[in-house]
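Here the sequence shown is numbered in this note's numbering, starting from 9 and rising by one per residue. Beneath this line is the structure, given in structure tokens, with notes to follow.
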Amino acid sequence: MKYVLLTLISAMLLSISWPTYGVPFFIFFALVPLLMMEHGISKFSSYNRKSWMVFGLSYLCFVIWNIVTTGWLYGSKNPDGSHSMMAVVFPVLVNSFLYSLVFQCYHWYKNAQGTYWGLGFLIAIWMSFEKFHLNWELTWPWLNLGNVFSEYPKLIQWYDTLGATGGSFWILVVNVLIFYTIRTWEAGRKRKDLIRNTSIVAALIILPMIVSLIKYNSFDEKPSGQVNVLMLQPDLDPYAEKYSKDSLTIENDLLTLAENNSKGKIDYFIAPETALPGRGSISETAFEKSLLLNNVKGFLSKHPGAVFATGISSHRFYKNQENIPKEAYEINPGLWVESYNTAIQIAPQQQVQVYHKGKLVPGVEIFPYMSVLKPLLGDAMLNLGGTVASLGIDKERKSFANPYNKGRIAPIICYESIYGEFTTDYVKKGANFLGIMTNDSWWGVTEGHKQLLSYAKLRAIETRREIARAANSGISAHINAKGEVVADTFYGDKTTLFAKVNLYETKTFYTRAGDLLSRFSIFSLGFLLFYFLIEKFKSRTKKA
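Pasting the structure below:
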């Protein structure tokens, strides 16, 4: 019962730390009860299957954490309008299993090499897992520990140096040191050691926050310019209205919304993810002939000096079998099509600038590891209202240059805004502000859309770029380079948001170096595993 209680305490602390409803300071000792559970079972219990007990209890902890923090996925709907159980069950069970596997590896290594080596291993493998979770096809980094302070930007200004992955490292080190302090006190009851270790823990928590507050108050980077942005929030129901309304009606509503709220000079109109068309998609080989896109150009002719950035659904046909991308699928004999979740920028007398979303939502926009799983699962995929086939992607990020001013927008599409190092690639391509085009309407009035907005603040700090975020149903927002929401909208409103967005050119250390601590942790993990194998080899050699 004691070990179950410790597990539940960790689950509770992890859960109540999370944005946008929680208090993040609990995260600094949220893993300590779990570490105590593992240590108690390993050293003092009489269970026959200790490893299974550790795995089972850690899995319980992580399942609770995942349900509480991401249970809003239940808001997703099936095509028949019912709530999608698989949309929440699959991510919760699989993600919890992966975290438990990480913890289990720590348990095995600690038992083989001792507590102190094991604690170092825990930091290395957890950090390595988070990095892995940012990059594989089942990517779901929603619960990476460094995300937890997204509602407290004043305390994490140093993310412009080490990023959100640096926040994960910070949290893990503090948890490990608190556990170490408890263990040394239990072993020796030495007051001097307790005071020293407690002081170190306190310093590790407080000093980064002090550095952050200094950086916050001394931020004085001068912008290279400023653009007037109007973010459009059409509040289009993504399950019904989007596919029942005529595309021209949807576009007319969007342009009317823009026209009625464009007082004064506008440099950028930004519409949400897949704002156009309604049902179906736009052929990329016929952009110049597209009635929808030419209507936008007609609208822009009444607003000289303005460009229109929007999300669309698009596609490209292929007839030559040798050049067919792997994501394309055959629709007729000899005819293949590749579909995209696309961001475009439209300007009169200019070629349409195009970017295809590079980070796809598993089970919605991508069939993970299709060559392996499709023969087993057929065409079955999680369907949260999106495509049931893998979309095509751009392998490199882009920035869209504005022909009328210094603006270069990063066309970030929805889910991509969770990824730190990924986002820096837009800045490396010249982006001087971030434009997030998103549709957070799939989950209804839940924590989902709030958390996704909150994570965008981390990207602003990491890159020191202001953000103009256009969301279909909200929350649309203007976020400054310090990660603060300057202005935002209400969820569910059909409205617009005007912002004067500053342009910045300087590249932060994080933009240049990326997830440095993650790469260091991967190297450390390799060293620790190699050291273990060498020790095991030496031990066997002596016995022989």
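A virtual CB, placed ideally from N, CA and C, is assigned to each residue, including glycine. Source: prediction; values computed, not measured.
What do you get for residue i, buried or exposed, if any count of 16 or more other CB atoms within 10 angstroms of its CB means buried?
| i | result |
| --- | --- |
| M389 | Because the pLDDT of M389 is 44, which lies under 50, any placement of that residue in the model is unreliable, and the question is left without a value. |
| V435 | buried |
| K118 | buried |
| E9 | Residue identity check: residue 9 is Met in the sequence provided, not Glu. Exposed, because fewer than 16 other Cβ atoms sit within 10 Å of the Cβ of M9. |
| P280 | buried |
| L392 | Per-residue confidence for L392 stands at a pLDDT of 39, beneath the threshold of 50, marking its modelled position as unreliable; no derived number is given. |
| P242 | buried |
| A211 | exposed |
| Q459 | buried |
Are residue i and residue j closer than 9 Å when you measure CB to CB?
| i | j | result |
| --- | --- | --- |
| L511 | R416 | yes |
| S481 | L244 | yes |
| A283 | L308 | no |
| V100 | T78 | yes |
| T350 | Y363 | yes |
| P216 | W178 | yes |
| S104 | V71 | yes |
| S8 | L533 | Residue coverage of the chain in this structure runs from 9 to 552, which leaves residue 8 outside it and unanswerable. |
| G286 | Y251 | yes |
| Y518 | E470 | yes |
| L300 | E259 | yes |
| V315 | N410 | yes |
| G319 | I421 | yes |
| F98 | L536 | no |
| F430 | A317 | no |
Quick one: residues in its chain with C-beta nearer than 6 Å to the C-beta of residue i, no 5 flanking neighbours on either side, listed in chain order?
| i | result |
| --- | --- |
| G366 | I401, D402 |
| R548 | none |
| I17 | P41 |
| I542 | none |
| N74 | V100, N103, S104 |
| N205 | T189 |
Can you find the residues in the same chain that come closer than 7 Å, C-beta to C-beta, to residue i, ignoring five residues on each side of it along the sequence?
| i | result |
| --- | --- |
| K550 | none |
| N175 | Position check: residue 175 holds Gly in this sequence, whereas Asn was assumed. These residues qualify, in order along the chain: L153, G154, F157, I164, Y167. |
| K508 | Q234, N236 |
| K327 | G342, L343 |
| I24 | G30, V31, F34 |
| W26 | T77, V156 |
| V96 | G79, L81, Y82 |
| Q121 | F540 |
| S484 | M239, Q241, R477, A478, D496, T497, L505 |
| L13 | none |
For residue i, which option in the options has the closest C-alpha, if you only look at C-alpha atoms?
| i | options | result |
| --- | --- | --- |
| E145 | L368, P242, P312, T504 | L368 |
| H311 | H323, S321, K273, P333 | K273 |
| F538 | W125, V435, S90 | W125 |
| I213 | H457, S66, F33 | F33 |
| L127 | H47, V102, E194 | H47 |
| A248 | K546, D88, F535 | D88 |
| T497 | N302, I190, F506, Y276 | F506 |
| Y11 | L65, L238, A19 | L65 |
| Q359 | A397, I222, H323, A294 | A294 |
| H323 | S298, V304, N302 | S298 |
| D525 | P333, D275, S108, I131 | According to the sequence displayed, residue 525 carries Leu and not Asp. Considering only alpha carbons, the answer is I131. |
| N183 | L21, E159, K85, A521 | L21 |
| K502 | T264, A355, V372 | T264 |
| L142 | R527, A397, N269, M45 | R527 |
Is DSSP giving residue i helix, strand or coil here?
| i | result |
| --- | --- |
| A211 | helix |
| W148 | coil |
| W344 | strand |
| S481 | coil |
| A314 | coil |
| N413 | coil |
| I487 | strand |
| K85 | strand |
| L244 | coil |
| F498 | coil |
| Q121 | helix |
| M445 | strand |
| N440 | coil |
| V31 | coil |
| G319 | strand |
| L399 | coil |
| S104 | helix |
| V235 | strand |
| I374 | strand |
| V474 | Sequence inspection shows Glu at residue 474; the Val mentioned does not correspond to that position. Three-state result, E474: coil. |
Going along the chain, which residues of its own chain have a beta-carbon closer than 8 Å to the beta-carbon of residue i, five neighbours each way excluded?
| i | result |
| --- | --- |
| S59 | Q112, H115, W116 |
| I186 | F36, F37, V40, V209 |
| S232 | K414, N440, L511, Y512, E513 |
| S321 | T282, L284, P285, G288, S289, I290, S347, Y348, N349, T350 |
| S8 | Here the chain covers residues 9 to 552 and nothing more, so residue 8 does not appear. |
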